[in-house]
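First up is the structure itself, then whatever we jot down about it.
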Amino acid sequence: MFILGLCRIGGMSTLGPALGEHDIDPPVSLLPYQDPKVVNSQTAMFHFTHAFHEEYENPYKQEINRQQPIFNHALKSFEETIRPIPYNAQLIRAARSELATILSLPAHESTTRNDDLTPGQTPDAEMLLTAHNPDPYIAIHIRRGDRHASSFPYRGKYVPLENFVSAAKSTWSRLYDKNAVSPDSAHFPAPPIMYVASDSHGAVREFVSAFPTSTAVFSLSESVDPALRALAPPHEYGQHEFNEMEEQVRISLTRGMIVDLAMLSGMWAWEGDVVPGATICTLRFVRRLPHLQQ
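Residue numbers (our numbering): 46 to 339.
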């Protein structure tokens with residue numbers, strides 16, 4: 046909810062109220078699917094009901110393919126409704142432009158941007174998603190702080206950085222030609238070209254050290270733009286610690302999360318913007334209660 050407060054919804058902009066503990070922790074008496082603030086892949090069916098799936102799923106497809114219309118609606122929402130406020134959009138553009146400039150990619154042509162559209166303007170969302178520079182980088186998200194793995198073999202621990210390093214190397218080799226961007230690994234920017242988002246500066250440094258010094262690795266903390274560097278988290282994220290911070294500090298950190306989200310996902314990209322060709326991250330699952338299991 047706080048992140049949405051830093052976005053423009055339906056043409057309106059607001060920072061919203063400061064967060065407090067009562068805004069985060071649901072009452073213990075509520076089951077996850079009964080709490081209106083908990084909406085995820087495990088609880089959505091209880092919030093949207095069967096009628097939602099009947100209306101928006103494709104009945105002629107199977108499994109995840111049935112939900113393609115839902116994903117299309119979500120994409121359109123991010124392109125037309127849930128948009129960054131102008132200052133956040135400027136930060137996102139700065140991050141994308143920095144990456145494109147260092148990689149010597151052609152700049153996008155001057156055109157109307159998604160964050161400048163009025164509610165009456167409705168561009169084709171799918172067309173916008175594909176009208177960007179060739180995917181020149183892969184995105185990595187490394188979560189530390191109070192988020193630990195909940196499944197085997199790393200239950201209660203962090204997923205090792207070696208897993209992210211290995212995934213980055215194999216993904217680049219699989220998706221990109223060896224001659225992409227820079228054929229000489231001894232000179233910057235050498236592949237794999239990566240954008241790393243993390244709540245841990247130490248994890249970013251350790252991740253970067255696993256590659257040659259000529260490897261092109263971008264992050265908020267290593268940005269040449271002071272405005273972007275200022276958004277990098279000073280320490281690992283903990284929800285309770287975050288709740289106790291001053292409002293302006295939380296706003297700044299949330300801006301950093303929004304920029305990272307855009308760089309990780311390619312959201313809010315416009316024609317000519319660089320977007321990731323792949324994203325490497327862990328997935329969060331909610332453990333189902335015994336009486337809810339089939």
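By construction, the Cβ of each residue, glycine as well, lies at the ideal position given by its N, Cα and C atoms. All of these numbers come straight from a predicted model, not from anything done at the bench.
{"Check": "Alpha carbons only, please: which of 210, 110, 200 and 181 is nearest the one belonging to residue 187?", "Outcome": "210"}
{"Check": "Could you give the residue range of the beta strand (DSSP E) that holds residue 262?", "Outcome": "260 to 263"}
{"Check": "Thinking C-beta only, is residue 189 closer than 8 Å to residue 281?", "Outcome": "yes"}
{"Check": "Please state whether the Cβ-Cβ distance between residue 183 and residue 216 is less than 8 Å.", "Outcome": "yes"}
{"Check": "In whole angstroms, give me the CA-to-CA distance for residue 270 and residue 123.", "Outcome": "26 Å"}
{"Check": "Assign residue 328 to one of three DSSP states: helix, strand, or coil.", "Outcome": "coil"}
{"Check": "Name the residue from 127, 107, 102 and 129 whose alpha carbon lies nearest to the alpha carbon of residue 116.", "Outcome": "102"}
{"Check": "Skipping 5 residues on each side, what residues in its chain have a beta carbon closer than 6 Å to that of residue 309?", "Outcome": "184, 186, 242 and 324"}
{"Check": "Checking the sheet assignment: what are the DSSP bridge partners for residue 243?", "Outcome": "187"}
{"Check": "In whole angstroms, what is the alpha-carbon distance linking residue 299 and residue 264?", "Outcome": "15 Å"}
{"Check": "Could you round the C-beta distance between residue 147 and residue 234 to whole angstroms and report it? I think they count as a contact, below 8 Å.", "Outcome": "6 Å"}
{"Check": "Indicate whether residue 139 and residue 276 have their beta-carbon atoms separated by less than 8 Å.", "Outcome": "no"}
{"Check": "Over what stretch of residues does the beta strand (DSSP E) that includes residue 128 continue unbroken?", "Outcome": "127 to 129"}
{"Check": "Check whether the Cβ atoms of residue 145 and residue 319 sit closer than 8 Å, and answer yes or no.", "Outcome": "yes"}
{"Check": "According to the neighbour-count rule (16 or more other Cβ atoms, all chains shown, within 10 Å of its Cβ), is residue 249 buried or exposed?", "Outcome": "buried"}
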